[in-house]
Each structure stands twice: as structure tokens, then as C-alpha cells.
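Enquirer: Taken in order, the sequence shown gives residues 31 to 456; the numbers are from this note's numbering.
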Amino acid sequence: MFKKALLLALCIMLVLSVSVAVTAQDDAPSGDLEIFSWWTGGGEEAGLNALIARFSELYPDINVQNAAVAGGSGVNARAVLTTRMLGGDPPDTFQVHAGEELNALWVAAGLMEPLNDIYEENGWLEQFPQGLLDLISDDMGNIYSVPVNIHRSNVLWYVPSNLEEWGVSVPADWAEFVDVTCPALQEAGVTPLAVGENWTQAHLWESVALGVLGVDGYNGLWDGSTDWTSPEAVTVWDTFGAVMACANDDANAISWQDASQRVAEGGAAFNVMGDWAAGYFLVDLALVPGEGFGWAAAPGTEGAFMMLSDTFGLPTGAPNPGAVRAWLSFLGSAEAQDLFNPVKGSLPANTTSDITNPELYNEYFQSAYEDWTSNAIVGSQAHGAVASPAFSNGFSSIIASFSATGDSATASANSATLALQTGVGR
Ligand code: GAL
């Protein structure tokens with residue numbers, strides 16, 4: 031009798047466990063997953079590919095479609111994305127910068143799904159820095175995306191042995207660069223600064239602004255406490271003009287990778303670029319940090335870390351939300367972040383990652399991490415942290431006109447008008 035009961039109980043357990051397994055199987059996400067970004071090559075693709083490869087091992091039933099659109103800083107991808115979102119044809123998930131690029135556009139339009147459940151399930155509320163969570167949340171505490179990294183915008187890149195050969199050192203501030211470093215290099219027949227297309231000029235501008243205005247003055251541009259037409263703000267434009275006069279003539283025709291490559295190959299002395307350039311130097315050019323390339327805070331910005339973060343979200347109406355949730359749960363994990371960031375040039379955003387392991391994160395990352403954890407943190411305008419896409423689009427035009435005219439008073443006045451029209455500082 032007892033034996034029969036035991037046998038029955040065992041059979042029931044077996045049936046239950048099989049049905050649980052079958053249910054789990056049925057619930058496993060499957061189908062197509064379209065991942066939209068601008069990481070197509072030259073220092074950017076490797077990180078994305080590493081993520082997709084591991085994700086595909088974990089979820090063999092999900093068919094990843096890498097829908098990256100070429101163009102540094104998302105200049106082309108964002109236009110395609112906007113058309114698709116407005117046309118009711120969102121990709122399953124897309125790359126978007128933490129901060130105003132996410133909030134002022136997609137969240138404000140009600141086109142993103144909150145992801146708090148994913149954060150709670152994974153214990154991420156304790157694992158991501160609060161300042162970063164604030165950048166991707168609304169006032170009600172809804173969280174709208176998952177960060178894969180922390181990039182630094184204000185980095186000056188160079189090749190140490192080249193500077194030695196040309197007899198110049200890393201300039202402490204922009205005045206030194208303009209008055210001492212630039213003429214010395216020009217004298218030696220070397221292009222002082224490699225700069226690329228329009229968005230890389232806006233990128234340079236924010237490092238000049240931070241260097242000239244300091245942390246409080248720079249922050250004031252975005253919170254309304256620095257007047258865009260003040261003498262200090264006009265000085266930013268004057269300095270930017272003087273810095274651009276030290277750049278290659280073909281700036282508008284080259285990409286950020288071209289500009290970085292010129293520095294690496296000795297065609298120019300310096301370049302200001304985000305630390306995706308480290309990914310490019312390490313992975314694409316196979317350079318040794320500290321030898322093949324060196325770095326410093328952009329002139330005058332020592333002690334300040336201008337941050338931006340690449341994140342992914344779940345748009346309303348995404349064709350396959352189950353697969354997106356699996357992707358996002360993976361992206362935020364320490365495992366994914368430790369696969370992605372060592373090749374992308376960025377720091378992991380998840381604080382339980384292996385960042386302090388020098389085998390995985392070389393000396394560039396160690397120095398960036400030290401600065402990230404000790405410096406004053408400010409947000410990047412060129413990469414969506416502190417100003418809306420409406421401001422950034424208008425600002426690109428102001429940069430373009432300034433390049434043609436060099437008129438700093440007009441650039442300041444136009445920036446003030448743009449800030450007013452787009453709600454910056456309100
Ligand atoms: C930034 C982005 C980086 C990198 C860079 C150049 O906006 O955050 O991840 O891709 O553009 O394309």
C-alpha cells in the first residue's frame with residue numbers, strides 16, 4: 031500500500047516536472063529581434079557583435095537582426111529611427127543616449143515602455159549608479175532604458191613618442207594649446223589637431239566650453255544659470271574658433287575614425303574624441319595603451335568627467351516585446367557589460383562588473399575608472415545627456431555657420447535663442 035502511494039507520488043512529481051519544463055520551454059522568447067543602433071564598424075561594431083554572439087547562445091530561438099545604420103554619433107540612425115517611430119514601425123529595441131535624448135523626445139511622446147520590473151527582477155536598483163538611473167527615469171520613478179556603458183567625452187588623444195619627437199607636451203588648458211602648442215606644431219609642419227565632420231566639431235565645442243567655463247559655468251548652460259550671451263560664453267566661441275584654426279582643412283569631409291587614425295599614424299598631434307576612440311585604437315588598430323596612444327583630460331578639464339551613456343529601450347508597439355525583455359535583461363548584466371565594454375572603450379555601468387580587473391580592463395580603463403569615481407561629473411550635450419535633440423539639431427547648424435563666419439557674437443546670440451526655443455535651462 032505504502033509502496034503504491036510512493037510510486038503514485040513519484041509519478042505525479044515526474045509529470046509535474048515535465049510539464050514545468052515544457053511550460054518554461056513554451057515561455058522561452060523566440061522569433062525575430064531587430065536591434066537598431068549606429069554601431070557599424072571602426073571601433074563600434076566589435077562590442078555589439080560580442081553582445082549578440084553571447085545573447086544568441088543564451089537564446090537560440092531568438093533570431094537577432096542587427097539593423098545598425100552607419101554614421102558616427104547616430105547622425106543618420108536617429109533620422110531613420112524618427113521616421114520609423116512616427117510611422118508606427120518601431121524596431122524591437124534601439125540605442126538611445128541616457129538623458130534628454132531619451133526623455134525629451136521618446137518618453138515625452140509616450141512612446142517608451144517602463145522597465146521597472148526588469149530592474150527589480152535583476153536587483154539592478156542597487157547595481158546601477160543613482161545618478162545614471164535618474165537620467166533614464168521620469169519624475170514618477172518609471173525607468174525607460176537599460177545602460178550598457180559610461181563613455182567619457184572630454185578626452186585628448188595623442189601618441190606620446192610623437193609629442194616627444196615634435197618637442198611639445200600635453201597642454202594644460204586651451205590658452206596654452208592655442209598660444210604655445212599649436213604654433214610650435216605648425217612650425218614643425220605638423221597638423222596640431224585632427225577634427226572631423228560637423229558632429230565631431232560640436233563634440234570638440236563642449237570640451238572647449240567645459241575648459242573655458244569650468245564645471246559650474248558649463249552646467250549653468252543647461253540649468254539656465256549661465257547666460258549664453260555673457261562675455262564668458264562669447265569667449266567659449268572665440269576660443270573654439272582659435273582651436274579650429276589649428277585643425278586640418280578637410281575637417282568637414284572626414285569621420286571620427288579618420289581623425290583618430292591621423293593621430294595614431296602621426297598625421298596630426300592631437301584629437302578630442304570620446305573614448306570610443308580607445309575601442310578603435312585597441313581593437314581596430316591593435317595599439318598598446320600608453321605607447322600606441324596616450325590620453326589626458328581635454329585641456330582645462332582635468333578633474334571633470336563629461337559623461338554619456340548608451341542605453342537600449344523598449345518602444346511601445348515593438349513587434350516582439352518578449353525577446354526585447356530578454357535582450358534588456360542580458361544587456362544590464364555584469365556578464366554582458368564585461369563582454370562589451372573592454373572592446374567598446376567604455377566603462378561598465380553595472381557596478382557589479384569586473385572593472386577593477388586589469389586583465390580585462392587595461393590601463394586606459396583603469397585611469398578612466400579612477401576619474402569616473404573621483405571627478406566632478408557633468409553631462410555631454412553632443413551625446414544627448416543634457417540637451418534635447420531639438421537643441422542639438424539646431425546647435426549643429428550654429429556650429430556649421432560659425433565654421434563659415436567665425437562670428438562669435440552671432441553664434442552666442444543664436445545659441446541663446448535656440449536655448450529659449452527648445453526649453454534649455456528652463
Ligand atoms: C556616441 C555613442 C558612442 C559612439 C559614438 C561614435 O554618440 O554614444 O557609443 O558610438 O557616438 O559613433
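Think of the CB as a built atom: it goes at the ideal place given N, C-alpha and C, for glycine as much as any other residue. Model, not experiment: these values are computed from the prediction.
1. Note down, in chain order, each residue of its chain lying with its Cβ closer than 7 Å to the Cβ of alanine 439, except the 5 sequence neighbours on either side.
2. Comparing alpha-carbon positions, which option in Asn184, Met170, Asp169 and Asp164 lies nearest proline 177?
3. Going by DSSP, what residue range makes up the alpha helix (DSSP H) through proline 213?
4. How about the region 266-278 and the region 434-453: do they share at least three Cβ pairs that are nearer than 8 Å?
5. According to the Cβ coordinates, are proline 329 and leucine 186 closer than 8 Å?
6. Please classify aspartate 280 as buried or exposed, where buried requires at least 16 other C-beta atoms within 10 Å of its C-beta.
7. Does the ligand GAL have even one heavy atom less than 7 Å from the beta-carbon of glutamate 74?
8. Less than 8 Å between CB atoms is the rule here; does phenylalanine 395 satisfy it with respect to chain D?
9. Are glycine 375 and leucine 448 touching if we call contact CB-CB under 8 Å?
10. Please report the distance separating the alpha-carbon of isoleucine 42 from that of leucine 135.
11. Do you know whose CA, among Ala420, Trp258 and Trp235, lies nearest threonine 331's CA?
12. Using the C-alpha atoms, what's the distance from aspartate 91 back to serine 199?
13. Counting only runs of 4+ residues fully inside the region 378-404, write out the alpha helix (DSSP H) ranges in chain order.
14. On a Cα-Cα basis, can you pick out the residue from Gly140, Gln160 and Glu151 that is closest to threonine 381?
15. Please determine whether the Cβ atom of leucine 338 lies at a distance below 7 Å from any heavy atom of the ligand GAL.
16. With DSSP run on the structure shown, which of helix, strand or coil describes methionine 303?
17. For the alpha helix (DSSP H) that contains glutamine 160, what are its first and last residues?
18. Is it buried or exposed, leucine 63, if we count other Cβ atoms within 10 angstroms and call 16 or more buried?
19. From this set, Phe323, Tyr399 and Leu358, which residue's C-alpha is nearest glutamate 194's C-alpha?
20. Taking only runs of the alpha helix (DSSP H) that begin and end inside the region 65-105, which ones reach a length of at least 4 residues, in chain order?
21. Can you give me the C-alpha to C-alpha distance between tryptophan 252 and aspartate 57, rounded to a whole angstrom?
22. Among Glu217, His181, Ala202 and Phe207, which residue has its Cα nearest to the Cα of tryptophan 196?
23. Taking buried to mean at least 16 other C-beta atoms within 10 Å of its own C-beta, is glutamine 287 buried or exposed?
24. Could you check where the beta strand (DSSP E) with tryptophan 258 kicks off and where it finishes?
25. Are the beta-carbon atoms of proline 378 and asparagine 184 separated by less than 8 Å?
26. Which word fits leucine 81, buried or exposed, when buried means at least 16 other C-beta atoms lie within 10 angstroms of its C-beta?
27. Does the Cβ-Cβ distance between valine 408 and valine 245 come in under 8 Å?
28. To the nearest angstrom, report how far apart glutamine 451 and glycine 101 are at their CA atoms.
29. Less than 7 Å between C-beta atoms, sequence neighbours within five positions excluded: which residues of the same chain meet that for leucine 369?
30. Thinking leucine 181 and aspartate 340 are a contact (beta carbons under 8 Å), I'd like their distance in whole angstroms, please.
31. Just to confirm my understanding: we take glutamine 411, look at its own chain, exclude 5 residues before and 5 after, and list those with CB closer than 6 Å. What are they?
Expert: Taking the geometry as given:
1. Counting from one through the sequence shown, the residue named residue 439 turns up at place 409. Taken in chain order, the residues that qualify are Val264.
2. Residue mapping note: residue 177 aligns to position 147 of the sequence shown, counting from 1. For the residues Asn184, Met170, Asp169 and Asp164, the minimum Cα distance to proline 177 belongs to Asp164.
3. Here residue 213 corresponds to residue number 183 of the sequence shown, with the count starting at 1. According to the DSSP assignment, proline 213 belongs to the alpha helix (DSSP H) that extends over 212-217.
4. Between the region 266-278 and the region 434-453, the count of C-beta pairs closer than 8 Å reaches three or more; the two stretches touch.
5. Residue numbering aside, residue 329 sits at position 299 when the sequence shown is read from its first letter. Residue numbering aside, residue 186 sits at position 156 when the sequence shown is read from its first letter. Yes. Within cutoff.
6. Your numbering for residue 280 matches position 250 in the sequence shown. Label assigned to aspartate 280: exposed.
7. Along the sequence shown, one-based indexing puts residue 74 at 44. The answer is yes for glutamate 74.
8. Judged by its chain identifiers, the structure shown contains no chain D, having just a single protein chain.
9. Along the sequence shown, one-based indexing puts residue 375 at 345. Along the sequence shown, one-based indexing puts residue 448 at 418. No.
10. Counting from one through the sequence shown, the residue named residue 42 turns up at place 12. Counting from one through the sequence shown, the residue named residue 135 turns up at place 105. The pLDDT assigned to isoleucine 42 is 46, lower than 50, so where the model puts this residue is not dependable; a value taken from the coordinates is nonetheless given after this. Taking the straight line joining both Cα atoms gives about 54 Å.
11. One-based indexing of the sequence shown puts residue 331 at position 301. With distances taken between Cα atoms, threonine 331 lies closest to Trp235.
12. Reading the sequence shown from its first residue, position 169 is the one you call residue 199. Reading the sequence shown from its first residue, position 61 is the one you call residue 91. The straight-line gap from Cα to Cα measures roughly 54 Å.
13. 393-404
14. The sequence position of residue 381 within the sequence shown is 351, counting from 1. Cα-wise, what sits closest to threonine 381 is Gln160.
15. The residue you call residue 338 lines up with position 308 of the sequence shown. Yes, Cβ of leucine 338 sits closer than 7 Å to a heavy atom of the ligand GAL.
16. Within the sequence shown, the letter at position 273 stands for residue 303. Looking at methionine 303 - three-state DSSP - the assignment turns out to be coil, as it is neither helix nor strand.
17. What you label residue 160 is simply residue 130 of the sequence shown in a count that begins at 1. Counting along the chain, the alpha helix (DSSP H) containing glutamine 160 begins and ends at 160-165.
18. Start at 1 with the first residue of the sequence shown, and residue 63 comes out as number 33. Leucine 63 comes out buried.
19. Taking the first residue of the sequence shown as 1, we reach residue 194 at position 164. Checking every option, the nearest Cα to that of glutamate 194 belongs to Phe323.
20. Runs of the alpha helix (DSSP H) inside the region 65-105: 75-88.
21. Along the sequence shown, one-based indexing puts residue 252 at 222. Along the sequence shown, one-based indexing puts residue 57 at 27. If I take the Cα positions, the gap works out to 45 Å.
22. Position 166 of the sequence shown, counted from the first residue, corresponds to residue 196. Comparing Cα-Cα distances from tryptophan 196 to each of Glu217, His181, Ala202 and Phe207, the minimum goes to Glu217.
23. For the purposes of this step, residue 287 is taken as residue 257 along the sequence shown, with counting starting at 1. Per the 10 Å Cβ criterion, buried.
24. Counting from one through the sequence shown, the residue named residue 258 turns up at place 228. If you look at tryptophan 258, you'll find it isn't in any beta strand (DSSP E); DSSP assigns it neither H nor E.
25. Residue mapping note: residue 378 aligns to position 348 of the sequence shown, counting from 1. Residue mapping note: residue 184 aligns to position 154 of the sequence shown, counting from 1. Not in contact: proline 378 and asparagine 184 (Cβ atoms no closer than 8 Å).
26. Position 51 of the sequence shown holds residue 81. By the neighbour-count rule (16 or more Cβ atoms within 10 Å), leucine 81 is buried.
27. Along the sequence shown, read from residue 1 onward, the residue named residue 408 stands at position 378. Along the sequence shown, read from residue 1 onward, the residue named residue 245 stands at position 215. Taking 8 Å as the Cβ cut-off, valine 408 and valine 245 qualify as a contacting pair.
28. By one-based count along the sequence shown, residue 451 stands at place 421. By one-based count along the sequence shown, residue 101 stands at place 71. Distance between the alpha carbons of glutamine 451 and glycine 101 is about 27 Å.
29. Here the question's residue 369 lines up with position 339 in the sequence shown. The beta carbon of leucine 369 lies closer than 7 Å to those of Ala80, Leu81 and Arg84 in the same chain, with the five residues before and after it left out.
30. Walking along the sequence shown from the start, residue 181 turns up at place 151. Walking along the sequence shown from the start, residue 340 turns up at place 310. Before going further, note that residue 181 is histidine rather than leucine in the sequence given. Right, their Cβ atoms sit about 7 Å apart.
31. Residue 411 sits at position 381 when you count from the first residue of the sequence shown. Excluding sequence neighbours, glutamine 411 sits near Glu236 and Ala417.
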